[in-house]
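Student: Take a look at this one; I'll ask things after.
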Amino acid sequence: MERVSLERKVLSENDRIAADLRARFTEHDILCLNLISSPGSGKTSLLERTLDSFDRRERAAVLTGDIQTENDAKRLARSGFPVKQITTGGTCHLDARMIERALLDWRLEDIDLLLIENVGNLVCPSSYDLGEAAKVVVLSVTEGEDKPLKYPSIFFKSELLVLNKIDLLPYVPFDIAVAEENARRVHRDMEIVRVSCQTREGMAEWLSWLDCKRGNSRAAASAS
Amino acid sequence: MHEMGIANSVLDAVRAERRRFPGGHVHKVGVRIGELAGVDPDAMSFCFEALVRGTDLEPLALEIEYSPRRYQCRTCGQSYAASRDDSACPACGSLDSQFSGGDELELAYLEVEDGARVAGT
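Next up, the structure:
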């Protein structure tokens with residue numbers, strides 16, 4: 006028996022497409038973010054509030070992934086910004102090829118900010134690079150504060166944790182300090198913002214994080 | 041569950057690689073999965089077996105090398121594997137450490153039966 010060393014990534018084809026997308030985003034000066042959470046944590050609400058806060062001249066666009074239905078795209082399209090639903094038909098995550106295909110009839114020249122809402126799932130989306138500048142994980146206070154320990158992959162790979170639904174804190178036994186400590190056990194330098202999409206508390210911090218990332222992405226594009 | 045897609049990617053790679061060994065049979069593929077890869081080894085094995093069954097790849101075994109999160113301590117220099125909910129350095133207790141691995145999802149090796157010719161190498 007002969008053992009032959011391979012030493013390459015299993016998802017090299019996805020990574021190749023993601024690298025190509027990332028190069029195109031940089032070329033067109035686009036900040037692309039990949040939002041991931043379990044179902045019902047409030048990704049769509051966060052995007053609705055985000056788009057609502059933007060000036061109409063803002064060049065933002067959204068790709069939203071779900072297994073079935075166009076419901077999220079319909080909700081988000083009310084903002085007036087370009088929105089496209091990716092219906093995976095059973096697949097529990099988005100992959101780079103789905104993003105490539107969804108972007109075919111959009112002019113990248115017209116986009117500055119591309120927000121991707123992944124399929125609601127804390128496991129599978131963490132394995133697939135979509136060419137984003139950063140992953141953002143959303144955790145709501147109606148979930149367990151040990152989610153970062155149960156799903157370390159996504160908390161490790163996300164740059165920002167959005168702790169959502171903080172308006173419900175008085176009604177649920179969620180210890181926000183423990184949740185943050187758990188996130189930092191898995192990802193020591195994790196940035197965290199506390200948000201309520203209902204009362205809009207914390208929205209300013211989230212939007213300023215976004216602005217900061219957009220500044221960074223513009224700086225990276227002009228340097229390259 | 042995305043392990044089916046990942047198992048399929050492994051089999052695509054085996055099919056591509058085995059062309060280098062005309063007349064040989066690939067018996068085993070080794071895959072390295074880190075704790076932070078987001079891939080469950082049991083689900084992966086289950087999907088792999090289901091996909092291989094009844095194909096020309098049989099018999100083909102999967103060996104999974106599962107690796108924990110690894111760090112190097114910036115205080116005392118110790119390299120260590122972290123336990124699930126504690127990433128402090130076991131030698132000095134410091135939390136100031138550099139991540140050094142544990143997010144891999146890699147094809148490590150193939151085992152090919154003796155006598156196979158390696159083409160083009």
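Keeping their order, the protein sequence lines are chains R and U.
Throughout, the working numbering is defined as the position within the first sequence, counted from one, plus 5.
Throughout, the working numbering is defined as the position within the second sequence, counted from one, plus 40.
Ideal Cβ positions, reconstructed from N, Cα and C, are used throughout, including at glycine.
Just so you know, these numbers come straight off a predicted model, no measurement behind them.
(1) Bridge partners of valine 142 of chain R, per DSSP?
(2) Run the CB neighbour count on glycine 95 of chain R, radius 10 Å, all protein chains shown included, and call it buried at 16 or more, exposed below.
(3) At which residue ranges does the stretch 20-66 of chain R contain complete alpha helix (DSSP H) runs of 4 or more residues, listed in the order of the chain?
(4) Helix or strand or just coil, what does DSSP make of leucine 173 of chain R?
(5) Considering only the beta carbon of each residue, do glutamate 43 of chain U and alanine 83 of chain U sit closer than 8 Å?
(6) Give, in chain order, every residue of the stretch 90-111 of chain U whose Cβ lies closer than 9 Å to some Cβ of chain R.
(7) Using the beta-carbon of each residue, which ones in chain U are nearer than 9 Å to leucine 11 of chain R?
(8) So that I know if they touch, is there some Cβ in chain R lying closer than 8 Å to that of histidine 65 of chain U?
(9) Rounding to the nearest angstrom, what Cα-Cα distance links glutamate 105 of chain U and glycine 94 of chain U in this structure?
(10) Which term fits alanine 122 of chain U, buried or exposed, when burial requires 16 or more other beta carbons within 10 angstroms of its beta carbon?
(11) Between proline 178 of chain R and chain U, is there a C-beta pair that is closer than 8 Å?
(12) Starting from leucine 51 of chain U and walking both ways along the alpha helix (DSSP H), at which residues does that stretch end?
(13) Closer than 9 Å by beta-carbon distance: list the chain R residues that pair up with glycine 165 of chain U, in chain order.
(14) Applying a beta-carbon distance threshold of less than 7 Å, which residues of chain U neighbour serine 131 of chain R?
(15) Who are the near neighbours of serine 127 of chain U in its chain, counting only those whose CB is closer than 8 Å to its CB and skipping five residues on each side?
(16) Please list the terminal residues of the continuous beta strand (DSSP E) segment that includes alanine 101 of chain U.
(17) Are there three or more Cβ pairs, one per stretch, closer than 8 Å when the stretch 163-174 of chain R is compared with the stretch 193-211 of chain R?
(18) Helix, strand or coil for arginine 190 of chain R per DSSP?
(19) Within 8 Å of any Cβ in chain R, is that where the Cβ of aspartate 82 of chain U sits?
(20) Does the beta carbon of valine 124 of chain R come closer than 8 Å to any beta carbon on chain U?
(21) So with CB distances below 8 Å, who are the chain U contacts of leucine 16 of chain R?
(22) Within the 8 Å Cβ cut-off, does serine 134 of chain U reach chain R?
(23) Tell me which residue opens and which closes the beta strand (DSSP E) that alanine 121 of chain U is part of.
(24) Which value, in whole angstroms, describes the spacing of the CA atoms of glutamate 63 of chain R and arginine 219 of chain R?
(25) So, helix, strand or coil for glycine 70 of chain R, using DSSP?
(26) Taking 8 Å as the cut-off, decide whether the C-beta atoms of glutamate 53 of chain R and leucine 81 of chain R are in contact.
Tutor: Result, derived from the coordinates:
(1) Counting from one through the first sequence, the residue named residue 142 of chain R turns up at place 137. The partner list for valine 142 of chain R (beta bridge, DSSP) reads R/Ile41, R/Leu166.
(2) Taking the first residue of the first sequence as position 1, residue 95 of chain R is located at position 90. Counting Cβ neighbours within 10 Å, glycine 95 of chain R comes out exposed, since fewer than 16 surround it.
(3) Segments of the alpha helix (DSSP H) lying fully in the stretch 20-66 of chain R: 48-58.
(4) Position 168 of the first sequence, counted from the first residue, corresponds to residue 173 of chain R. Looking at leucine 173 of chain R - three-state DSSP - the assignment turns out to be helix.
(5) As a working mapping, residue 43 of chain U is identified with position 3 in the second sequence. As a working mapping, residue 83 of chain U is identified with position 43 in the second sequence. In this structure, alanine 83 of chain U lies closer than 8 Å to glutamate 43 of chain U by Cβ.
(6) Cβ contacts with chain R come from Arg109.
(7) Along the first sequence, one-based indexing puts residue 11 of chain R at 6. Neighbours of leucine 11 of chain R on chain U, chain order: Ala53, Glu57, Val69, Gly70, Glu146, Leu147, Ala148, Tyr149, Leu150.
(8) Taking the second sequence and counting its residues from 1, one reaches residue 65 of chain U at position 25. No, histidine 65 of chain U lies away from the interface with chain R (no Cβ there is under 8 Å from its Cβ).
(9) On the second sequence, residue 105 of chain U is found 65 positions in, with the first residue counted as 1. On the second sequence, residue 94 of chain U is found 54 positions in, with the first residue counted as 1. Whole-angstrom Cα-Cα distance: 25 Å.
(10) Here residue 122 of chain U refers to the residue found at position 82 of the second sequence. Of the residues assessed, alanine 122 of chain U falls on the buried side of the cut-off, its CB having 16 or more other CB atoms within 10 angstroms.
(11) Against the first sequence, residue 178 of chain R aligns to sequence position 173. Answer no: the Cβ-Cβ gap between proline 178 of chain R and chain U never drops below 8 Å.
(12) Position 11 of the second sequence, counted from the first residue, corresponds to residue 51 of chain U. Note, leucine 51 of chain U: alpha helix (DSSP H), 43-58.
(13) With chain U covering only 41 through 161, there is no way to say anything about residue 165 of chain U.
(14) Translated into positions along the first sequence, residue 131 of chain R becomes position 126. One finds Gly78 in chain U with Cβ atoms closer than 7 Å to the Cβ of serine 131 of chain R, taken in chain order.
(15) By 1-based counting over the second sequence, the position of residue 127 of chain U is 87. Setting aside the 5 residues that flank it on each side, serine 127 of chain U is surrounded in the same chain by Arg109, Tyr111, Leu135, Ser137, each with a C-beta closer than 8 Å to its C-beta; the list follows chain order.
(16) Numbered from its first residue, the second sequence carries residue 101 of chain U at position 61. It spans 101-107 - the beta strand (DSSP E) in which alanine 101 of chain U sits, taken as one unbroken run.
(17) Taking 8 Å as the limit for Cβ pairs, the verdict is that the stretch 193-211 of chain R does touch the stretch 163-174 of chain R.
(18) Within the first sequence, the letter at position 185 stands for residue 190 of chain R. Secondary structure of arginine 190 of chain R (DSSP, three-state): helix.
(19) Against the second sequence, residue 82 of chain U aligns to sequence position 42. Using a CB distance cut-off of 8 Å, aspartate 82 of chain U does not count as an interface residue toward chain R.
(20) Counted from its first residue, the first sequence places residue 124 of chain R at position 119. Not one chain U Cβ lies under 8 Å of valine 124 of chain R.
(21) Taking the first residue of the first sequence as 1, we reach residue 16 of chain R at position 11. What leucine 16 of chain R touches in chain U: Ile46, Ser49, Leu145.
(22) Taking the first residue of the second sequence as 1, we reach residue 134 of chain U at position 94. Output row for serine 134 of chain U: interface = no.
(23) Reading the second sequence from its first residue, position 81 is the one you call residue 121 of chain U. For alanine 121 of chain U, the enclosing beta strand (DSSP E) covers residues 119-121.
(24) Stepping through the first sequence from its first residue, residue 63 of chain R is reached at position 58. Stepping through the first sequence from its first residue, residue 219 of chain R is reached at position 214. Whole-angstrom Cα-Cα distance: 12 Å.
(25) Walking along the first sequence from the start, residue 70 of chain R turns up at place 65. Of the three classes helix, strand and coil, the one that applies to glycine 70 of chain R here is strand, per DSSP.
(26) On the first sequence, position 48 is the one that residue 53 of chain R refers to. On the first sequence, position 76 is the one that residue 81 of chain R refers to. Against a cut-off of 8 Å, the Cβ pair of leucine 81 of chain R and glutamate 53 of chain R comes out as a contact.
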